[in-house]
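Chemist:
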Amino acid sequence: MEERSNDDDFASYRKDARLCGRRDALGGNKSDPPESAIARHLALAALRDQSYMQETTGRIKRTRAVFSKQLESLGFSVVPAQTNFILCQPPAKAEGQSARELYEKLMEQGIYVRYDQLPRLADMLRITVGTEAEMEEVYAALSPMIE
1 MEERSNDDDF
11 ASYRKDARLC
21 GRRDALGGNK
31 SDPPESAIAR
41 HLALAALRDQ
51 SYMQETTGRI
61 KRTRAVFSKQ
71 LESLGFSVVP
81 AQTNFILCQP
91 PAKAEGQSAR
101 ELYEKLMEQG
111 IYVRYDQLPR
121 LADMLRITVG
131 TEAEMEEVYA
141 ALSPMIE
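So the sequence shown is numbered by my numbering: it starts at 1 and just counts up by one.
#1: What whole-angstrom Cβ distance do S98 and C88 have, given they're in contact under 8 Å?
#2: Is it the case that the CB of T131 approaches a heavy atom of the ligand NAP more closely than 8 Å?
#3: Would you report the Cα separation of M124 and L44, rounded to the nearest angstrom?
#4: Sort A65, A39 and Y52 by Cα distance to I127 and report the nearest one.
#5: When DSSP labels each residue in this structure, what does V138 get in the three-state scheme?
#6: Can you name the start and end residues of the beta strand (DSSP E) that T63 belongs to?
#7: Out of E137, E72, P91 and R120, which one is the CA nearest neighbour of G110?
#8: Using a 10 Å radius around the Cβ and a threshold of 16 neighbouring Cβ atoms, would you call A140 buried or exposed?
#9: Which residues share a DSSP beta bridge with V78?
#10: Which word fits M135, buried or exposed, when buried means at least 16 other C-beta atoms lie within 10 angstroms of its C-beta?
#11: At the level of alpha carbons, what is the spacing between D49 and I60?
#12: Report the partner residues of T128 according to the DSSP bridge assignment.
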């Protein structure tokens, strides 16, 4: 059996769609937005490669757990989650270091996290879980800002 990567699947979808001249190369209908067909195709590719999906999910969970503990050691409050991101509130001891200020300082260093001004999220940062090395970089940048 020939092994195919998700990239191969995506390339074949684009080729099929171009040859068919239609949006419904994956069985969708013509009224579906093209993103729906792409999302459907990628979801099918992910379902076909369960070992890769489980390996990736496991890595994200481990990295999220380690990084959450690091944030907590700095005094952040971390919202428990089963997602690929961490929602956290800076510690009260970070006088003058609001979530928005931390967001801006991280941006200056080329580290991109999310900050939302909605009242219930205005004191929170949303940090996507990346590789272990990326999360170590975020921790190294945050540590001196808090301590």
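Ideal Cβ positions, reconstructed from N, Cα and C, are used throughout, including at glycine.
Modeler: In terms of the structure at hand:
#1: With 8 Å as the limit, S98 and C88 do not qualify as a contact, their Cβ atoms being about 13 Å apart.
#2: The ligand NAP is not part of the structure shown, which contains no ligands of any sort.
#3: 34 Å
#4: A65
#5: helix
#6: Taken as a continuous stretch (DSSP letters only), T63 belongs to no beta strand (DSSP E), being part of the alpha helix (DSSP H) at Q50 to S73.
#7: E137
#8: exposed
#9: C88
#10: buried
#11: 17 Å
#12: F85
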